[in-house]
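Going by the UniProt record's numbering, the first residue of the sequence shown is number 1, and it counts up by one from there.
Each remark here refers to the structure printed beneath this line.
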Amino acid sequence: MSAFLTAREVCQRLREAALGVLTFSCEARTEAGLVTVDIDGWRLVLDFEGERLHHCEYARNCDGDEGALDSWQRFGTDPVSLLSTWELAQIEKLLMARG
Numbered sequence: 001m002s003a004f005l006t007a008r009e010v011c012q013r014l015r016e017a018a019l020g021v022l023t024f025s026c027e028a029r030t031e032a033g034l035v036t037v038d039i040d041g042w043r044l045v046l047d048f049e050g051e052r053l054h055h056c057e058y059a060r061n062c063d064g065d066e067g068a069l070d071s072w073q074r075f076g077t078d079p080v081s082l083l084s085t086w087e088l089a090q091i092e093k094l095l096m097a098r099g
């Protein structure tokens, strides 16, 4: 049975990608501004439009544990809002560079 990923767990993955510790790759983009990325085996769907990262829609780790925006918002936050200004800028740079 899979568990629920918290916003903090997903944020930590984004932080490590921002620092260059983990491999970050864009896999798919939609017209609606959603970007699917892989961070060392974790799959994230990010809302990235107009060169701005708005929030994380969905995350799934290698073990099949999942988290989603509607669940995170119930607890008052999402992974992107936990990033520092610098970390957010680094992730946005990665998303633009791989666009």
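For glycine and all other residues, C-beta sits at the position ideal for the given N, C-alpha and C.
List the residues that DSSP assigns as beta-bridge partners of residue i.
i, result
"residue 25", "38"
"residue 55", "47"
"residue 60", "43, 66"
What are the boundary residues of the beta strand (DSSP E) that residue i is part of?
i, result
"residue 66", "66 to 68"
In the DSSP assignment, the alpha helix (DSSP H) including residue i goes from what residue to what residue?
i, result
"residue 97", "85 to 97"
"residue 14", "7 to 18"
With a Cβ-Cβ cutoff of 8 Å, do residue i and residue j count as a contact?
i, j, result
"residue 102", "residue 24", "The structure shown has nothing for residue 102, since the chain only spans 1 to 99."
"residue 59", "residue 5", "yes"
"residue 13", "residue 42", "yes"
"residue 39", "residue 22", "yes"
"residue 3", "residue 70", "no"
Quick check: the stretch 72 to 85 against the stretch 39 to 57, are at least 3 beta-carbon pairs closer than 8 Å?
A contact between stretches requires three or more CB pairs, one per stretch, nearer than 8 Å, and the stretch 39 to 57 meets this requirement with the stretch 72 to 85.
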